[in-house]
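Residue numbers (my numbering), protein chains in the order written: chain W, 1 to 113; chain C, 114 to 675.
Glycine residues also receive a C-beta, built at the ideal position from the N, C-alpha and C atoms.
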Amino acid sequence: MLNFINNRIQQRMNHIIQQPAFAMLSRIIAAIVGGYVLSNLIAILLSYLLSTVWISTTADGVMIAMQLSYLIYAVIAMWIFSGKPLAHVWRTLTFSCLFSAFLIGIFMPEGLL
Amino acid sequence: MSKTVNGNFRQSMKWLHTWAGLTVAVVLYFMFITGSAGYFNNEITYWMQPEIPLINNEIDQREMIAIAEKRLAKVAPNASEWWIDFPIGREYALSIWWKDVSNQAEDGNIVEEWNDELLNLNTGEPVTVRKTGGGDTLYYMHYALHYIPSVLAYWITSLFAMFMLIGLISGIVIHKQIFKDFFTFRKGKQQHSWRDMHNVLSVLPLPFHIMITYSGLLLFMFTTMPSVLTATYGAGEDNQARFNDVVFVQDAEHKDAAGIAAKNISFSRILADVEQRWGENQIAYIGIENRGDINAHIELGLHGYDGLDDKPSLTYNAVNGELQHVSQGGRTPSAAKKFYDLMIMLHEGKFSGSILRWLYFISGLMGAGMIATGMILWATKRRERADKKGYASKGLILVERLNVGSIVGLLIAIAVYFWVNRLLPANFSERESWEINGLFICWSIMFAYPYFLANKRTINQLWGDQLTIAAILYGLLPALNFLTTDNHLGNTLFSGSWVLAGFDLTMLVFSLCFAYGAYLIFHKKGNAVAATHTIKENNSSNSRVKSADVNVVVVKTAELAK
Numbered sequence: 001m002l003n004f005i006n007n008r009i010q011q012r013m014n015h016i017i018q019q020p021a022f023a024m025l026s027r028i029i030a031a032i033v034g035g036y037v038l039s040n041l042i043a044i045l046l047s048y049l050l051s052t053v054w055i056s057t058t059a060d061g062v063m064i065a066m067q068l069s070y071l072i073y074a075v076i077a078m079w080i081f082s083g084k085p086l087a088h089v090w091r092t093l094t095f096s097c098l099f100s101a102f103l104i105g106i107f108m109p110e111g112l113l
Numbered sequence: 114m115s116k117t118v119n120g121n122f123r124q125s126m127k128w129l130h131t132w133a134g135l136t137v138a139v140v141l142y143f144m145f146i147t148g149s150a151g152y153f154n155n156e157i158t159y160w161m162q163p164e165i166p167l168i169n170n171e172i173d174q175r176e177m178i179a180i181a182e183k184r185l186a187k188v189a190p191n192a193s194e195w196w197i198d199f200p201i202g203r204e205y206a207l208s209i210w211w212k213d214v215s216n217q218a219e220d221g222n223i224v225e226e227w228n229d230e231l232l233n234l235n236t237g238e239p240v241t242v243r244k245t246g247g248g249d250t251l252y253y254m255h256y257a258l259h260y261i262p263s264v265l266a267y268w269i270t271s272l273f274a275m276f277m278l279i280g281l282i283s284g285i286v287i288h289k290q291i292f293k294d295f296f297t298f299r300k301g302k303q304q305h306s307w308r309d310m311h312n313v314l315s316v317l318p319l320p321f322h323i324m325i326t327y328s329g330l331l332l333f334m335f336t337t338m339p340s341v342l343t344a345t346y347g348a349g350e351d352n353q354a355r356f357n358d359v360v361f362v363q364d365a366e367h368k369d370a371a372g373i374a375a376k377n378i379s380f381s382r383i384l385a386d387v388e389q390r391w392g393e394n395q396i397a398y399i400g401i402e403n404r405g406d407i408n409a410h411i412e413l414g415l416h417g418y419d420g421l422d423d424k425p426s427l428t429y430n431a432v433n434g435e436l437q438h439v440s441q442g443g444r445t446p447s448a449a450k451k452f453y454d455l456m457i458m459l460h461e462g463k464f465s466g467s468i469l470r471w472l473y474f475i476s477g478l479m480g481a482g483m484i485a486t487g488m489i490l491w492a493t494k495r496r497e498r499a500d501k502k503g504y505a506s507k508g509l510i511l512v513e514r515l516n517v518g519s520i521v522g523l524l525i526a527i528a529v530y531f532w533v534n535r536l537l538p539a540n541f542s543e544r545e546s547w548e549i550n551g552l553f554i555c556w557s558i559m560f561a562y563p564y565f566l567a568n569k570r571t572i573n574q575l576w577g578d579q580l581t582i583a584a585i586l587y588g589l590l591p592a593l594n595f596l597t598t599d600n601h602l603g604n605t606l607f608s609g610s611w612v613l614a615g616f617d618l619t620m621l622v623f624s625l626c627f628a629y630g631a632y633l634i635f636h637k638k639g640n641a642v643a644a645t646h647t648i649k650e651n652n653s654s655n656s657r658v659k660s661a662d663v664n665v666v667v668v669k670t671a672e673l674a675k
């Protein structure tokens, strides 16, 4: 019985995932939510790079990175809508988020200060 | 799928531009219209408070200070702070406000209360003005919306500004020949005309559009992108204060009250020094803090701007009249902060004189026009195709009807905002909120209007109807002003009150524009707005689609949905 219900749910899920509307929704969420998270992570890394590698104070690094974060966000969102397959989009997005989070964890375990 | 051919990318961006644009168009249009009005917020408020006496002749600031001090001494002898605002630049009245401090609260806490009055320059007596949201409410709505918590609104407007930024970038990408397109205008050719108009309104003020959108995002940077700051400095106010101390350098703190009574000098005592250094009648505001205390000081702001930046404010010792401090606006030399300040200052345009302010206003309206023509273009293009097929989708019909109500409807609603201001009794309670309720009630009606008349009027006629309503409402505003106040064109034109006269005249110009639009629709067949048509419910979905553009959009939608 449980198995049957499980299978029904599985079928239902597959059906939903294959809907074009679902794919569009997924892409929109990838752009708005995924893009927001990734642009923030990249901006955090950028603020670190600016204030350690390049000549700039910590506060300036933060200011520059924050101001650029919107452009990063825009570029990511446009990339997501540039016609790449949805699976590729989510894979790249997840990998980039994890990778930048990993770098942040290494470089700035407790923040910069 | 992994083709990264230029053409393919451009087609994707075209799809994105179309759909991202359509999704948020109504709210962005609202933001552009109310934001543009916001460049004249003080002027609109001045018009909406007709009780403010006309400033006939230039009265010396020394006299104004005497009038204001006399009134303050009478009405607020024990106040801890006095402030005076002068009618200079974009301020149109002499106003005073003061802080009363009393410890009459039951729990023994000190109660601070701010009060304010507007003074008649000729009599020195206070003037009772009607309460109004004025131009500030219109201005405030362009980022804080209405009826919802402001922080939520900041997130929403920022997200929509993000859409706008993407719309702009993708719009640039899809234009192979931006300048060639710019000089192309195909008159009377339906969607081509709308596309050309959309291009002109986008490209001509493109630097403005980019600046206003990007700086709009930066204005709420610390609300919408807080993670960078938190990751570097840590969460909490104490940690963020370390950042603020470096970036937002504060001017020297004013001294707190010492609790030792001392006699303070009057404002006029320091005027000689101010005039010697900065000239006569240059003060925007003047005030005294810690009145009656040995640490009392007088602060005054100079009128005008140094380039884009504020003029300095000066602090005088209020016991011996010595100049204590000249602020430098708290600007740091850091390039990152300078760029940030530059963007904010460009967005707000506070430095601009009347000509530049009009340019700001017109650029803002062109932004609204860009969005409006984009919305119309979307519908016109699909309408032409639908007419060939003999079948119009529900989505198309929805957008066609929404377009009428959102584009012209909002303009009508703003006219109603001004009408309600004049028609509600001056002492009506909660009149501020009913003015703005009037705006939104009217806008809702305009949205519903195409639905009620869908069977009787074509879309074209609905456009004509609403443009006619707009023309009448704006055209009669000066007449309403004549009937309900003394600040009508008959007086303002001859007394040289150009701000008030300018408001009425601008309304007349708007009215003429709307009337011309209505005339084009009703009397010239086959002109710009889509030709008259009847909506047929027809299910022939396999009709041949001719336009290549259409194919691209269809294919693109299918592709992105994989």
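In chain order, I484, G487 and M488 place their CB closer than 7 Å to the CB of A138/C, counting only its own chain and leaving out the 5 sequence neighbours on each side. In the three-state reduction of the DSSP assignment, V432/C falls in the coil class.
For F81/W, the closest Cβ of chain C is nearer than 8 Å. The DSSP-derived three-state label of L207/C is strand.
For a Cβ distance threshold of 8 Å, residue set M63 and Q67 of chain W lies close to Y453/C, ordered along the chain. D213/C places its beta carbon 8 Å or farther from that of A179/C. Taking 7 Å as the Cβ-Cβ cut-off, the segment 330 to 342 of chain C approaches chain W at L330, L331, M334, M338, S340, V341 and L342, given in chain order.
Cβ neighbours of F273/C within its own chain (closer than 8 Å, five residues either side excluded): V137, V140, L141 and M144. In this structure, A370/C sits away from N430/C, with a CB-CB distance that is not shorter than 8 Å. Legend: CB atoms of the segment 24 to 52 of chain W lying less than 7 Å from CB atoms of chain C belong to residues M24, R27, N40, A43, I44 and S47.
Within the same chain, I165, P200 and L231 come within 7 Å of A206/C by CB-CB distance, once the 5 residues on both sides are set aside. Counting the other CB atoms within 10 Å of its CB gives A189/C a total of 16 or more, which places it among the buried residues. Counting every other CB atom within 10 Å of its CB across the protein chains shown gives K637/C a total below 16, marking it as exposed. Counting only the Cα atoms, P339/C lies some 15 Å from T58/W. The straight-line gap separating the alpha-carbon atoms of T597/C and L536/C is approximately 8 Å. At a C-beta separation below 9 Å, T92/W has no neighbours in chain C, since its nearest C-beta there lies roughly 12 Å away.
If you keep only unbroken alpha helix (DSSP H) runs of at least 4 residues inside the segment 241 to 290 of chain C, you get 247 to 257 and 263 to 286. In the DSSP assignment, Y398/C falls within the beta strand (DSSP E) that extends over I396 to E402. Excluding sequence positions up to five before and after A583/C, its CB lies within less than 7 Å of the CB of V521, L524, I525, A528 and F627, all in the same chain and listed in chain order. Restricting attention to I634/C, L593/C, Y629/C and L621/C, the CA atom closest to the CA of P163/C is found in L593/C. Distance from the Cα of A133/C is smallest, within the candidate group M78/W, N40/W, F99/W and I44/W, for M78/W. Rounded to the nearest whole angstrom, the CA to CA distance from R203/C to S467/C is 9 Å.
Comparing alpha-carbon positions, the option among D454/C, F380/C and G392/C lying closest to N433/C turns out to be F380/C.
Taking CB atoms only, M108/W has a neighbour in chain C less than 8 Å away. For the pair F356/C and Y346/C, the Cα-to-Cα distance works out to about 7 Å. The beta-carbon distance between V341/C and N40/W, rounded to whole angstroms, is 7 Å. This is short enough to meet the 8 Å contact definition. Only L278, I279, I282 and S283 from the segment 276 to 289 of chain C bring a Cβ to less than 7 Å from some Cβ of chain W.
At a cut-off of 8 Å between beta carbons, M13/W makes no contact with chain C. Below 8 Å, too few C-beta pairs join the segment 98 to 107 of chain W and the segment 144 to 163 of chain C to call them touching: fewer than three. Contact annotation: L49/W and I64/W have beta-carbon atoms that are not nearer than 8 Å. Contact note: I16/W does not reach chain C at a C-beta cutoff of 8 Å; the least C-beta distance is about 13 Å.
A409/C sits in coil when the DSSP states are folded into three classes, being neither helix nor strand. It is roughly 16 Å from the alpha-carbon of F474/C to the alpha-carbon of G329/C.
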